[in-house]
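What the sequence shown shows, in the working numbering, is residues 9 to 406, in sequence order.
Even for Gly, the Cβ is constructed at its ideal location relative to N, Cα and C.
Model, not experiment: these values are computed from the prediction.
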Amino acid sequence: MQRFDKPIPREASASLKYDGRLETFGTADVMPMWVADMDFAAPDAVVAALQARANHPIYGYSMPPESLYQALIDWLLAKHQWQVAREWIVLTPGVAPSLNLVVAALTAENAGVIVQPPVYFPFLSVAANQQRRLIENPLVLQDDGVGNLHYQMDLLQLDACAKDASLLMLCSPHNPVGRVWLKEELLALLAIAKKHGLIILADEIHADLVYDNAQHHALSRLAFEDLASSTAAPHPIVTAVSPSKTFNIPGLSLSALIVPDAAYRQAIQTHLNKLAVSVTNPFSMIAFEAAYRGGSEWLNALMAYLQTTRDEAMAFIHAHLPKIHAICPQGGYLLWLDCRQLNLDDEALALFFVREAKLGLSSGAIFGRGGEGFMRMNIGTPKANVMAALERLKAALG
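(1) The alpha helix (DSSP H) spanning Phe131 covers which residue range?
(2) Output the distance between the C-alpha atoms of Gly120 and Leu176, rounded to the nearest integer angstrom.
(3) Find the nearest neighbour of Trp344 within the set Lys366, Gly372, Asn351 and Ala358, judged by alpha-carbon distance.
(4) Kindly provide the ranges of any alpha helix (DSSP H) runs that are 4 or more residues long and lie completely inside the segment 337-398, ordered along the chain.
(5) Could you tell me which whole alpha helix (DSSP H) segments of length 4 or greater appear in the segment 268-313?
(6) Distance, Cα to Cα, Pro130 vs Trp42?
(7) Evaluate Gly379 with the Cβ neighbour count: other Cβ atoms within 10 Å of its Cβ, from every protein chain shown; 16 or more gives buried, anything less gives exposed.
(8) Quick check on the DSSP output: the beta strand (DSSP E) that includes Tyr26 runs from which residue to which?
(9) On the DSSP bridge assignment, give the partners of Met177 in chain order.
(10) Out of curiosity, what's the CA-to-CA distance linking Ala422 and Arg140?
(11) Can you grab the Cα-Cα spacing for the pair Pro65 / Ile294, in whole Å?
(12) Would you kindly work out how many angstroms separate the C-alpha atoms of Asn308 and Pro290, rounded to a whole number?
(13) Tell me whether Thr254 sits in a helix, a strand or coil according to DSSP, three-state version.
(14) Provide the residue span of the alpha helix (DSSP H) that contains Glu193, from first to last.
(15) Could you tell me the boundaries of the beta strand (DSSP E) in which Ile245 lies?
(16) I'd like the span of the beta strand (DSSP E) that includes Ile335, first residue to last.
(17) Rounded to whole angstroms, what is the Cα-Cα separation between Asn281 and Asp45?
(18) Looking at the unbroken beta strand (DSSP E) that takes in His158, where does it start and where does it end?
(19) For a quick check, are the C-beta atoms of Val394 and Ala284 less than 8 Å apart?
(20) Mind checking whether Lys203 and Thr317 have CB atoms under 8 Å apart?
(21) Are the segment 257-276 and the segment 100-117 in contact at 8 Å, needing three or more beta carbon pairs?
(22) Is it buried or exposed for Pro330, if we count other Cβ within 10 angstroms and need 16 for buried?
(23) Tell me whether the segment 207-223 and the segment 158-166 touch, counting them as touching only if at least three CB pairs, one residue from each stretch, are closer than 8 Å.
(24) Below 8 Å on the Cβ atoms is my guess for Pro184 versus Leu342; work out the distance and round it to an integer in Å.
(25) Around the Cβ of Asn221, are there at least 16 other Cβ atoms within 10 angstroms (buried) or fewer (exposed)?
(26) In whole angstroms, what separates the C-alpha of Leu132 from that of Ile122?
(27) Count the other CB atoms within 10 Å of the CB of Ala298; is the residue buried (16 or more) or exposed (fewer)?
(28) Check whether the segment 272-280 touches the segment 51-61, taking contact to mean three or more Cβ pairs, one atom from each stretch, closer than 8 Å.
(29) Report yes if the C-beta distance between Ile16 and Ala49 is below 8 Å; otherwise report no.
(30) Evaluate contact between the segment 33-42 and the segment 70-89, counting only Cβ atoms and requiring at least three cross-stretch pairs below 8 Å.
(31) Taking all protein chains shown into account, decide if Ala79 is buried (16 or more other Cβ within 10 angstroms of its Cβ) or exposed.
(32) Could you check the C-alpha separation between Ala356 and Phe382 for me, to the nearest Å?
(33) Would you decide whether Ala248 is buried or exposed? Buried here means 16 or more other CB atoms lie within 10 Å of its CB.
(34) Compute the beta-carbon to beta-carbon distance between Tyr143 and Asp172, rounded to the nearest angstrom, for a pair I have assumed lies under 8 Å.
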């Protein structure tokens with residue numbers, strides 16, 4: 009655990025999370041718990057590989073080696089029991105650009121694109137960026153009867169709005185609400201997609217960050233299993249994956265799309281070529297492969313540490329912050345805080361966190377419908393920081 013308790017100064021390193029506080033919050037005097045990267049050193053295997061590459065003094069155009077693809081294939085099989093073929097993989101410069109890329113390549117202008125808010129905010133902008141129609145299938149917040157809140161998909165409403173859509177964007181595990189979808193939920197979603205001929209774009213960037221009480225199911229793997237002995241082609245699913253969140257290397261911006269359908273894969277590659285987008289950064293490729301080959305032990309330690317942090321944070325909120333309810337995440341390092349009992353509009357709520365608690369969090373309003381009155385808190389930082397932030401919040405509310 010000691011490796012994650014050690015504070016690492018990030019100020020003056022061109023860190024968006026730290027050096028962007030003044031521009032984002034109007035003051036640098038806030039504890040930054042907004043941008044979804046962690047305050048932990050990357051795995052030793054990644055650091056060592058990058059240092060070794062940096063020692064070679066020529067940083068020219070590069071090409072991804074076959075060993076990089078194999079590292080991803082091996083990881084997905086070992087971690088998620090998902091057998092991926094080499095030809096299915098298309099490398100891309102980050103997951104957020106990939107969302108726009110897939111929608112542009114696989115849907116027509118004015119096509120309906122379904123999202124499930126509150127959701128990672130780039131999902132909400134894709135439709136406008138690509139001149140598509142945004143169709144919302146809001147998640148439903150439910151109480152289990154003993155005060156525990158959790159989100160579910162509204163499958164009946166999804167079935168209704170799917171009639172007028174071409175593509176569904178799925179966040180799995182879900183950011184910001186922290187749900188890891190059950191196999192039964194995903195199969196029900198898949199059945200609706202089949203019924204209406206929906207392409208599914210599954211963002212599974214948080215798939216490796218799942219706690220003990222949950223299990224991630226790769227939707228594309230479920231689609232192949234669902235065929236059983238059938239000779240039919242699997243339902244078209246494009247999956248976005250990346251080591252960026254798992255191993256805390258998002259600034260290196262390398263991700264992959266897993267596209268079993270050959271025609272869709274060609275359409276995506278053609279669109280990439282039109283945009284003159286290629287993957288040539290040698291450091292991104294080195295880190296990508298090193299993370300998947302040598303980061304497993306680090307990840308196991310990270311998840312144990314994050315689970316302890318999550319549980320202590322949840323206990324503190326329950327004991328000391330009666331007007332705030334946290335939705336316990338099953339995956340990821342983001343706490344979704346229900347602050348509606350404070351009776352503040354979104355602007356006032358954000359200002360309260362900045363001015364009174366001196367905390368820089370993400371406003372729930374940016375995640376779309378259902379995010380009003382919520383705040384997103386990044387707990388991917390030494391546990392002492394998380395508990396200090398909650399103490400600040402307690403004092404501000406007191």
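With the given structure in hand:
(1) In the sequence shown, residue 131 corresponds to position 123, counting from 1. Element bounds for Phe131: Pro130 to Asn137.
(2) Locating residue 120 in the sequence shown gives position 112, counting from the first residue. Locating residue 176 in the sequence shown gives position 168, counting from the first residue. C-alpha separation (whole angstroms): 9 Å.
(3) As a working note, residue 344 is residue 336 in the sequence shown. Out of Lys366, Gly372, Asn351 and Ala358, Gly372 has the C-alpha closest to the C-alpha of Trp344.
(4) Counting only runs of 4 or more residues that sit fully inside the segment 337-398, the alpha helix (DSSP H) segments are 354-359, in chain order.
(5) Those alpha helix (DSSP H) runs which fall completely within the segment 268-313 and span 4+ residues are 270-282 and 290-302.
(6) On the sequence shown, position 122 is the one that residue 130 refers to. On the sequence shown, position 34 is the one that residue 42 refers to. Rounded to the nearest angstrom, the two C-alpha atoms are 15 Å apart.
(7) Taking the sequence shown and counting its residues from 1, the one referred to as residue 379 is at position 371. If you draw a 10 Å sphere on the C-beta of Gly379, you find 16 or more other C-beta atoms in it, and that means buried.
(8) What you label residue 26 is simply residue 18 of the sequence shown in a count that begins at 1. In this chain, Tyr26 is not harboured by any beta strand (DSSP E); it is covered by the alpha helix (DSSP H) spanning Leu24 to Asp27.
(9) Position 169 of the sequence shown, counted from the first residue, corresponds to residue 177. DSSP lists Leu209 as the beta-bridge partner residues of Met177.
(10) No answer is possible for residue 422: the residues shown for the chain start at 9 and end at 406.
(11) Here the question's residue 65 lines up with position 57 in the sequence shown. Here the question's residue 294 lines up with position 286 in the sequence shown. Taking the straight line joining both Cα atoms gives about 15 Å.
(12) Your numbering for residue 308 matches position 300 in the sequence shown. Your numbering for residue 290 matches position 282 in the sequence shown. C-alpha separation (whole angstroms): 27 Å.
(13) Taking the first residue of the sequence shown as position 1, residue 254 is located at position 246. Looking at Thr254 - three-state DSSP - the assignment turns out to be coil, as it is neither helix nor strand.
(14) Here residue 193 is taken as the residue at index 185 of the sequence shown, counted from 1. Taken as a continuous stretch (DSSP letters only), the alpha helix (DSSP H) holding Glu193 covers Lys191 to His204.
(15) Position 237 of the sequence shown, counted from the start, is the residue given in the question as residue 245. Run containing Ile245: Ile245 to Val249, per the beta strand (DSSP E) assignment.
(16) Walking along the sequence shown from the start, residue 335 turns up at place 327. Start and end: His333 to Ile335.
(17) What you label residue 281 is simply residue 273 of the sequence shown in a count that begins at 1. What you label residue 45 is simply residue 37 of the sequence shown in a count that begins at 1. Asn281 and Asp45: Cα-Cα distance of roughly 30 Å.
(18) Here residue 158 is taken as the residue at index 150 of the sequence shown, counted from 1. Per DSSP, His158 belongs to the beta strand (DSSP E) from Leu157 to Gln160.
(19) For the purposes of this step, residue 394 is taken as the residue at position 386 of the sequence shown. For the purposes of this step, residue 284 is taken as the residue at position 276 of the sequence shown. Not closer than 8 Å, so no.
(20) For the purposes of this step, residue 203 is identified with residue 195 of the sequence shown, where counting begins at 1. For the purposes of this step, residue 317 is identified with residue 309 of the sequence shown, where counting begins at 1. Their beta carbons are not under 8 Å apart, which means Lys203 does not touch Thr317 by this criterion.
(21) The segment 257-276 vs the segment 100-117: in contact.
(22) Position 322 of the sequence shown, counted from the start, is the residue given in the question as residue 330. Pro330 is exposed by the Cβ-count criterion.
(23) Verdict: no, contact absent.
(24) In the sequence shown, counting from the first residue as 1, residue 184 sits at position 176. In the sequence shown, counting from the first residue as 1, residue 342 sits at position 334. Indeed they touch by this definition, with Cβ atoms about 5 Å apart.
(25) Start at 1 with the first residue of the sequence shown, and residue 221 comes out as number 213. Asn221 should be labelled exposed.
(26) Locating residue 132 in the sequence shown gives position 124, counting from the first residue. Locating residue 122 in the sequence shown gives position 114, counting from the first residue. Distance between the alpha carbons of Leu132 and Ile122: 9 Å.
(27) Within the sequence shown, the letter at position 290 stands for residue 298. Counting Cβ neighbours within 10 Å, Ala298 comes out buried, since at least 16 surround it.
(28) The segment 272-280 makes no contact with the segment 51-61, as fewer than three CB pairs between them are under 8 Å.
(29) Position 8 of the sequence shown, counted from the start, is the residue given in the question as residue 16. Position 41 of the sequence shown, counted from the start, is the residue given in the question as residue 49. Cβ atoms of Ile16 and Ala49: closer than 8 Å.
(30) With the cut-off at 8 Å, the segment 33-42 and the segment 70-89 do not touch.
(31) The sequence position of residue 79 within the sequence shown is 71, counting from 1. Buried, because 16 or more other Cβ atoms sit within 10 Å of the Cβ of Ala79.
(32) Along the sequence shown, one-based indexing puts residue 356 at 348. Along the sequence shown, one-based indexing puts residue 382 at 374. Here the alpha carbons of Phe382 and Ala356 stand approximately 12 Å from one another.
(33) The sequence position of residue 248 within the sequence shown is 240, counting from 1. Buried, by the Cβ-count rule.
(34) As a working mapping, residue 143 is identified with position 135 in the sequence shown. As a working mapping, residue 172 is identified with position 164 in the sequence shown. As written in the sequence, residue 143 is Ile, which differs from the Tyr given in the question. Correct: roughly 7 Å between the Cβ atoms.
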